[in-house]
Amino acid sequence: MGNFSLLSACTHRQIPVTAHPQPDKAVLNDVGKSWYAARFSLNWEKGQEPNWYLGTLLAGEVISPLLEQYTQQLICWRVHRRAVHDQTGHVFSFIFYSSKASAVSIYQQLQSNQLLKFPNNYLW
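Numbering (our numbering), first residue to last: 18 to 141.
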């Protein structure tokens with residue numbers, strides 16, 4: 018991370034605001050495509066802080082290779098993490114917009130991922 022300095026003077030500097038690029042609505046309304054999610058319930062010991070690094074591990078070792086492989090098939094994607102003391106608990110989610118065929122293939126790859134099959138898995 019770089020250094021950040023804030024200087025104050027009599028002048029006013031305006032910071033340019035750039036719009037976040039949005040996918041074409043026609044692409045999002047493509048017939049045969051839908052939103053899908055792969056959710057990972059992560060172990061969270063009572064009285065402890067959530068293990069946020071597990072989301073980073075999943076993103077780098079599980080999701081990143083999928084993004085490389087399915088770059089043409091995934092129109093939009095995002096990851097989400099949450100930790101709330103409720104029935105859902107600590108969850109890392111990979112949410113993506115694609116065809117059903119691509120989603121099925123992605124789910125199959127997730128099920129065969131060696132990290133997720135690790136004995137006595139510390140993730141969940």
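Ideal Cβ placement from N, Cα and C applies to all residues, glycine included.
With a cut-off of 8 Å on the beta carbons, I'd call residue i and residue j a contact; round off their distance for me.
| i | j | result |
| --- | --- | --- |
| Ile-123 | Tyr-87 | 6 Å |
| Gln-96 | Leu-127 | It should be noted that the sequence gives Val, not Gln, for residue 96. So it is not a contact: roughly 14 Å between Cβ atoms. |
| Leu-59 | His-107 | 4 Å |
Provide the residue(s) that pair with residue i in DSSP beta bridges, ordered along the chain.
| i | result |
| --- | --- |
| Ser-110 | Arg-56 and His-97 |
| Lys-50 | Ser-116 |
Does residue i come within less than 7 Å of chain D when only Cβ atoms are used?
| i | result |
| --- | --- |
| Lys-63 | No chain D is present in this structure, which holds just one protein chain. |
Classify residue i as helix, strand or coil using the three-state DSSP reduction.
| i | result |
| --- | --- |
| Lys-117 | helix |
| Lys-63 | coil |
| Ile-92 | coil |
Given a threshold of 16 other Cβ atoms within 10 Å of its Cβ, counted over all protein chains shown, does residue i qualify as buried or as exposed?
| i | result |
| --- | --- |
| Leu-132 | exposed |
Counting pairs of beta carbons, one from the segment 61-68 and one from the segment 111-127, are three or more of them closer than 8 Å? no
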